[in-house]
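Sequences listed follow chains B and S, in order.
Here this note's numbering is used: the first residue of the first sequence is 1, the next is one more, and so on.
Here this note's numbering is used: the first residue of the second sequence is 1, the next is one more, and so on.
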Amino acid sequence: MTTAIELADSVRRGETTATALTAEALAAIAAGNGTLNAFLHVDTEGALAAAGSVDRAVANGEDPGLLAGVPIALKDNLCTRGVPTTAASRILEGWRPPYTATVVDRLVGAGAIPVGKTNLDEFAMGSSTENSAFGPTRNPHDHARVPGGSSGGSAAAVASGMVPIGLGSDTGGSIRQPAALCGVVGVKPTYGMVSRYGLIAFASSLDQIGPLTRTVADAAVCLEVIAGHDPRDSTSLDEPAPSLVASLHDGVEGRTVALVRELVDGSAADVEASVNASAAALRDAGATVIEISIPELRLGLSAYYLIAPAEASSNLARYDGVRYGLRVDAADLTMMNVATRTTGFGDEVKRRIMLGTYALSAGYYDAYYGRAQRVRTLLSRAFADAYGRADLLLGATAPTTAFELGAKTTDPMAMYLSDVFTIPSNLSGDPAITVPFGSGADGLPLGVQLLGPARSERLIFAAAQVLEEGAPR
Amino acid sequence: MTSLSREDVAHVARLARLALSDEELDRYTDQLRAVLDHARDLEAFDLESTVPTAHPFAAAAYLREDVVVEGLDRDEVLSQAPAVEDDRFCVPQIIGDAP
């Protein structure tokens, strides 16, 4: 399949047009979406209009941008002005945001063509995309299985070849876990590297937007385009986007990579075998591979499932039936709030709102939320210690290959365990990438994860490139 | 940490403006209890001397230039509201007797 970089090159050289590429993507979506349910909304008119302006720029001899004519998919928790944005929730059904997320503006500015909005677990809460109010997305490799989540729609859209680039958001693994389960590359950048303006908030101290792509190089280009300070996000790092493409082939010669026991233990045998094979590939490329233990990482899951719901319970208080979205009428204001929220939110969202409200409530704050925040400090210190011994860390992305639809829907704790290897990076704010590496005993894709300290994207991408080239075919 | 009761869940649902059926109350109590039980692993560590982290990086407040920038379009914003009156968001009556 052609990469985003190749597509943009051919548009810039006049060998094809943005309109042709867009029409191709729209046709692929029309053919496949009935089965996969990767897209919740397809913006045919907007996409063709955007493609037209890229083609005019090329015809006029203007620079159409790094991603000229490349069709992209946007997770439906990214606001798009005038285009329906639901976060896969009934409470936002039919909402047309009055503004556009910074990442979308930047991609369009680079010539990319947003073709539609992809399915997710409601408000990005879940690990299978089964919590969508608009039906689950199916894994393109096996339609009886989940694509992972919460960015399952973007992962499926990229893996099935509908588009070469999808945007997701990652609060506890929501880019990396579906990328691994669908066999694509997924990046959770350093917290603050990418603006969250226009991302519907779930847990603001953990949320970060990033790309899902078929190649490491495409992810590097996409991240270069979307990263960099944004005055409209006060948590955005006050620094320019890193250059990633230039150093993509720097390799890992002389680097130390630590395979972390806690990021492998408890995973299936085929997952562990794939991590070991990826370690060998890094060693073959000149890296020193050591094995370490970071016991604090075992606490990540518990800390996360107190902190993320606590922040969510606060962020989701805004859905009150007053300014946008659903309103269910009732006799007075409070009863209207209750009726609206009870009707509009799904099961998992209610569960997390209640969990978070409890963790923050009088008498329990110190025991739950306060303790989780202290553990967050422990975990960040433990990571910092590890980076004193190694440049990068290596582990599994998810404990298993894609599981069957319905397998974990009645047991929230079992579902939460899908994120056990991805959560620590969100708590520390550090970047991580998942790269496809072989397949499981069931023939389904596997991903391995590389983690690095804050702002180490250049290193991570160079190592990911080594893994991509060394992955079993 | 104490064990979560059905009454706790009912209380929290009220705070969060959610109405739960009896069946939901039972189910959520079991499910939330399972998550909180799992969180008991956090008790094993001595955290007295550890400061809490609210945010990954110490965030400085960025100040922008004091210049006028375009805000959201009022009509566009109001067009998305469930009920509007005189260019304002309209809510059910809060004070006094209902009409």
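A virtual CB, placed ideally from N, CA and C, is assigned to each residue, including glycine.
| Check | Outcome |
| --- | --- |
| On the CB-based measure, 16 or more other CB atoms within 10 Å of its CB, does B/E348 come out buried or exposed? | buried |
| Which residues in chain S sit within 8 Å of B/I353, going by Cβ to Cβ distance? | A16 and L18 |
| Using the beta-carbon count (16 or more within 10 Å), is B/R371 buried or exposed? | buried |
| Relative to the C-alpha of B/H229, which residue among B/A317, B/N315 and B/R196 is closest? | B/R196 |
| So, for B/S313: in the same chain, excluding its five sequence neighbours on each side, which residues have a beta-carbon less than 6 Å away from its beta-carbon? | I353, G356 and T357 |
| What are the complete alpha helix (DSSP H) segments, minimum 4 residues, inside the stretch 80-117 of chain B? | 102-109 |
| Can you list, in chain order, the stretches of the beta strand (DSSP E) that have 3 or more residues and sit fully within the stretch 347-411 of chain B? | 392-396 |
| Which two residues bound the contiguous beta strand (DSSP E) that contains B/D170? | I165 to D170 |
| Whether or not the stretch 404-419 of chain B and the stretch 117-135 of chain B are in contact is what I'm after, with contact meaning three or more pairs of Cβ atoms, one per stretch, closer than 8 Å; do they touch? | yes |
| Return the first residue and the last residue of the beta strand (DSSP E) that B/S278 is part of. | Taken as a continuous stretch (DSSP letters only), B/S278 belongs to no beta strand (DSSP E), being part of the alpha helix (DSSP H) at A269 to D284. |
| Starting from B/V54 and walking both ways along the alpha helix (DSSP H), at which residues does that stretch end? | T44 to A59 |
| Evaluate contact between the stretch 57-66 of chain S and the stretch 230-247 of chain B, counting only Cβ atoms and requiring at least three cross-stretch pairs below 8 Å. | yes |
| Along the chain, where does the beta strand (DSSP E) that runs through B/Q449 open and close? | P445 to L451 |
| Which residues does DSSP list as the beta-bridge partners of S/E85? | S/R88 |
| Determine, using beta carbons only, whether S/R88 comes closer than 7 Å to chain B. | no |
| Got a sec: which bits of the stretch 61-82 of chain S sit with their beta carbon under 7 Å from any beta carbon on chain B, in order along the chain? | A61, Y62, R64, L72, D73, E76, V77, Q80, A81 and P82 |
| For B/T342, decide whether its Cβ has a neighbour in chain S, counting only Cβ atoms nearer than 7 Å. | yes |
| What residue from B/A18, B/G116 and B/A87 has the CA that sits closest to B/H41's CA? | B/G116 |
| Can the beta-carbon of B/S205 be found closer than 7 Å to that of B/S174? | no |
| Determine, using beta carbons only, whether B/V83 and B/G69 come nearer to each other than 7 Å. | no |
| Since B/Q208 is in the beta strand (DSSP E), which residue starts that stretch and which ends it? | Q208 to T213 |
| Should S/T29 be flagged as near chain B, meaning a C-beta pair shorter than 7 Å? | no |
| Might you give, ordered along the chain, the residues of its own chain that have their beta carbon closer than 7 Å to the beta carbon of B/G52, omitting 5 neighbours on each side? | T19 |
| Below 7 Å CB to CB, which residues in the same chain sit around B/I460 once its five sequence neighbours on both sides are set aside? | L392, P431, I433, L450 and G452 |
| Can you tell me the Cα-Cα spacing of B/L446 and B/K408, whole angstroms? | 19 Å |
| Could you spell out the range, first to last residue, of the beta strand (DSSP E) harbouring B/V257? | T256 to V260 |
| Let me know the secondary structure DSSP gives B/N33 once reduced to three states. | helix |
| Can you give the Cα-Cα distance for S/D41 and B/M1, rounded to whole angstroms? | 46 Å |
| Cβ closer than 8 Å: which chain B residues qualify as neighbours of S/L47? | R371, R374, V375 and L378 |
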